[in-house]
Amino acid sequence: KKYQVHCNHLSLEVLDEEAKQNTEDKPNLEILFERINVNGTRISNEDLAYSSIKAYWPEIRDINDELASRYMAPARLAMLSFRLSLTNCWAEKLQDSISLKQIRSLSTEQDKKDEISKLYTGGNLKQILNTVDRWIGVTDEGNLRTPSILRTLIAHKCSELYLLLMYWAKLSIERPGSFHLTDFEVRAIAFTIRWWSNNANAVIKEIMVRTSRERNINIEVVKTGIGRSMHDCNLLHIYSPTEVSQFFRIEKSPKWKVYSQQAGPWWEFFWRLRDGYWVDVPSEMLIYAEREYINSHFSNYDPARQDMWESYNRPWDFDHIIAQNRINNRQGEYREYDQFWLNSIGNIAAISFESNRSKSDSTSDYEEYESNAESLLFDPIVKELTDYQITYNAEQSYKYASSSFARLIKIYERVYEMIAPAVEGIPLSSTVSQRKQLFNAICEQVPNAKAYLVAGNDMEFEITRDQDWCRQWISVGVVVGNLYPCICWIADQNDGKPRDFEIGIRKAPGTQIIQEIKTKIENIEGLESYNKSSSDWWYAYNNKYNHIDSGELVKEIERLIVICNEANND
4 KKYQVHCNHL SLEVLDEEAK QNTEDKPNLE ILFERINVNG TRISNEDLAY SSIKAYWPEI
64 RDINDELASR YMAPARLAML SFRLSLTNCW AEKLQDSISL KQIRSLSTEQ DKKDEISKLY
124 TGGNLKQILN TVDRWIGVTD EGNLRTPSIL RTLIAHKCSE LYLLLMYWAK LSIERPGSFH
184 LTDFEVRAIA FTIRWWSNNA NAVIKEIMVR TSRERNINIE VVKTGIGRSM HDCNLLHIYS
244 PTEVSQFFRI EKSPKWKVYS QQAGPWWEFF WRLRDGYWVD VPSEMLIYAE REYINSHFSN
304 YDPARQDMWE SYNRPWDFDH IIAQNRINNR QGEYREYDQF WLNSIGNIAA ISFESNRSKS
364 DSTSDYEEYE SNAESLLFDP IVKELTDYQI TYNAEQSYKY ASSSFARLIK IYERVYEMIA
424 PAVEGIPLSS TVSQRKQLFN AICEQVPNAK AYLVAGNDME FEITRDQDWC RQWISVGVVV
484 GNLYPCICWI ADQNDGKPRD FEIGIRKAPG TQIIQEIKTK IENIEGLESY NKSSSDWWYA
544 YNNKYNHIDS GELVKEIERL IVICNEANND
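With the numbering used here as the guide, the letters of the sequence shown map in order to residues 4 to 573.
Pasting the structure below:
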């Protein structure tokens, strides 16, 4: 057969003339790439940049492509490597993404151009990538190694984190005396950031600022950054498996709902953990927990191939242990009760595609699970759930919910064992520690005073564990009926002066602003220097404190307690 390829020929004269219009700083090659990207087949910015890199650094192309074949797309590796070269030792932040203009500029600076070439041709990049592999655990012996797909997903979906690992690997090679993290500690840090951050880039920057100032990378410095990231709401507060098991007690009642148990500071954490297979984080945690099964059944799976990144191209499938049809397509008073657990990772397993497709929705087809019970964390009690219409059966619905929750905890036990070095014994940053000392001093001096945190659901809870002191919004005071004379401080300072430091009368924890009480407070004597609030939190407040003196604050809280008692007695 004869084929024809249609194309347009653009002469250099045309390109040069076009380039004069707002693109005088761009060469013809770059303009051509941009026009192809805009008017032809769409290519990513990384691919566009990599095309330029190969033009200016032809000697690194083959090395980059060969290394990338084990890890990620060649363009992604090239961009990370360039950013690594431009990140200074002990920098407080990673080099930002590089534009085509910057790539072109680098090619004209011989020293920097040679440094980038040396990263490839000198074998350093290969050593760096091997170090990252060792840290993450993909080169460990046996089937309990970290599945390589989790390494590749970090590079693909959280490239800043992968770049941090590359930066640390480079520093550990060049300055081994300043790097004091074990392989297990790096692994714990990496997956803590990957799975529990709200803003991974902010967490990475916080850690880098602290290690830069110390000129030392050790677990205590990093964990201080993790604690501060929790305070700044860039990282979720993390709980142990034992604490998770105590979050709530499942009841045998169709009216019982997990949603009604959200009066807990752990709600955001639990929701991140329980979400189903369609969400990146819980599905990755599930894969890690099932790593023995994944590694033994799919040893030839190549996660570096871009066409294998999507879940539908992987050799495993996410299976509902209790089939969807037994719950979603039914009525019954326990339908909503059962649905909460249906798509949680407690009821999901990654099993071979063939096994899942051949598995029926019957109540007894669990051959794959029984053959791999330990690696799939299979609970034999599932086989006792013989009523196909489970939503009509109180006893079996209760067993199903309890079994799903128990399996979720087992999954998390395997995850927590790995991340524990990064999240246990979090040291407090200086201002957070100062706040803790101040609030504890007030609790010791003011009878019945307690410290409360505000969780992500805007509900208040008494502080019960040390990590709670890393919360952003913490107050200390005494509950007086529906009133709460207290101090609130988010543990920030500007030039040594407290920022967002407030003292006054707030609604008591668990209550709402009451208009009748608000009117009394507005007219009561002794609060002339206080602002009358229209917020949902304060009745009256003063935010003009420029210093922190526990003795002075204790006297003011005691005075406010008297005023609150008067307001309650009127």
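We treat Cβ as the ideally placed atom computed from N, Cα and C, and that holds for glycine. Quick caveat: nothing in here was measured; it's all calculated off a predicted structure.
Taking the alpha-carbon positions, what's the residue i to residue j distance?
i           : j           : result
residue 455 : residue 477 : 6 Å
residue 249 : residue 356 : 35 Å
residue 550 : residue 563 : 19 Å
residue 268 : residue 133 : 40 Å
residue 146 : residue 111 : 48 Å
residue 140 : residue 515 : 50 Å
residue 148 : residue 560 : 56 Å
residue 527 : residue 479 : 23 Å
residue 129 : residue 67  : 9 Å
residue 396 : residue 372 : 24 Å
residue 524 : residue 513 : 19 Å
residue 236 : residue 378 : 34 Å
residue 239 : residue 212 : 20 Å
residue 171 : residue 186 : 12 Å
residue 277 : residue 448 : 42 Å
residue 508 : residue 401 : 44 Å
residue 21  : residue 104 : With a pLDDT of 41 at residue 21, under the threshold of 50, the predicted position of this residue should be treated as unreliable, and no value is reported.
residue 52  : residue 91  : 22 Å
residue 59  : residue 72  : 22 Å
residue 461 : residue 496 : 23 Å
residue 176 : residue 88  : 14 Å
For residue i versus residue j, is the C-beta distance shorter than 8 Å?
i           : j           : result
residue 274 : residue 301 : no
residue 501 : residue 227 : no
residue 556 : residue 506 : yes
residue 157 : residue 188 : no
residue 56  : residue 131 : no
residue 403 : residue 466 : no
residue 472 : residue 439 : yes
residue 406 : residue 385 : yes
residue 330 : residue 285 : no
residue 153 : residue 291 : yes
residue 79  : residue 166 : no
residue 428 : residue 271 : no
residue 202 : residue 163 : no
residue 82  : residue 49  : yes
residue 380 : residue 414 : yes
residue 426 : residue 241 : yes
residue 220 : residue 182 : yes
residue 192 : residue 207 : no
residue 218 : residue 93  : yes
residue 258 : residue 322 : no
residue 451 : residue 504 : no
residue 190 : residue 209 : no
Quick check on residue i: buried or exposed, where buried means 16 or more other Cβ atoms within 10 Å of its Cβ?
i           : result
residue 375 : buried
residue 544 : buried
residue 360 : exposed
residue 262 : exposed
residue 126 : exposed
residue 424 : buried
residue 433 : exposed
residue 95  : exposed
residue 572 : exposed
residue 124 : exposed
residue 565 : exposed
residue 151 : buried
residue 180 : exposed
residue 245 : exposed
residue 399 : buried
residue 389 : exposed
residue 173 : buried
Taking only heavy atoms of the ligand PLP into account, decide whether any of them is closer than 7 Å to the Cβ of residue i.
i           : result
residue 171 : For the structure depicted, the ligand PLP is absent and the ligand set is empty, with no information on it obtainable.
Of all the CB atoms in chain B, is at least one closer than 8 Å to the CB of residue i?
i           : result
residue 142 : The structure shown contains no chain B, having only a single protein chain.
> Taking only runs of the alpha helix (DSSP H) that begin and end inside the stretch 235 to 293, which ones reach a length of at least 4 residues, in chain order?
Replying inline: 244 to 248, 270 to 277 and 283 to 292
> In the stretch 497 to 542, which residue ranges form an unbroken beta strand (DSSP E) of at least 3 residues, counting only runs that do not cross its ends?
Replying inline: 500 to 510
> Should the stretch 278 to 296 be called in touch with the stretch 472 to 488, which here means at least 3 C-beta pairs below 8 Å?
Replying inline: no
> Three or more C-beta pairs closer than 8 Å, one from the stretch 332 to 352 and one from the stretch 418 to 426: is that the case here?
Replying inline: no
>> For a minimum of 4 consecutive residues, which ranges assigned as the alpha helix (DSSP H) are wholly contained in the stretch 40 to 84?
In response: 48 to 59 and 64 to 71
> If you scan the stretch 360 to 427 from start to end, which runs of the alpha helix (DSSP H) of 4 or more residues do you find wholly inside it?
Replying inline: 370 to 374 and 397 to 426
>> Could you tell me which whole beta strand (DSSP E) segments of length 3 or greater appear in the stretch 161 to 225?
In response: none
> Taking only runs of the alpha helix (DSSP H) that begin and end inside the stretch 469 to 498, which ones reach a length of at least 4 residues, in chain order?
Replying inline: none
> Taking only runs of the beta strand (DSSP E) that begin and end inside the stretch 437 to 464, which ones reach a length of at least 3 residues, in chain order?
Replying inline: 453 to 457
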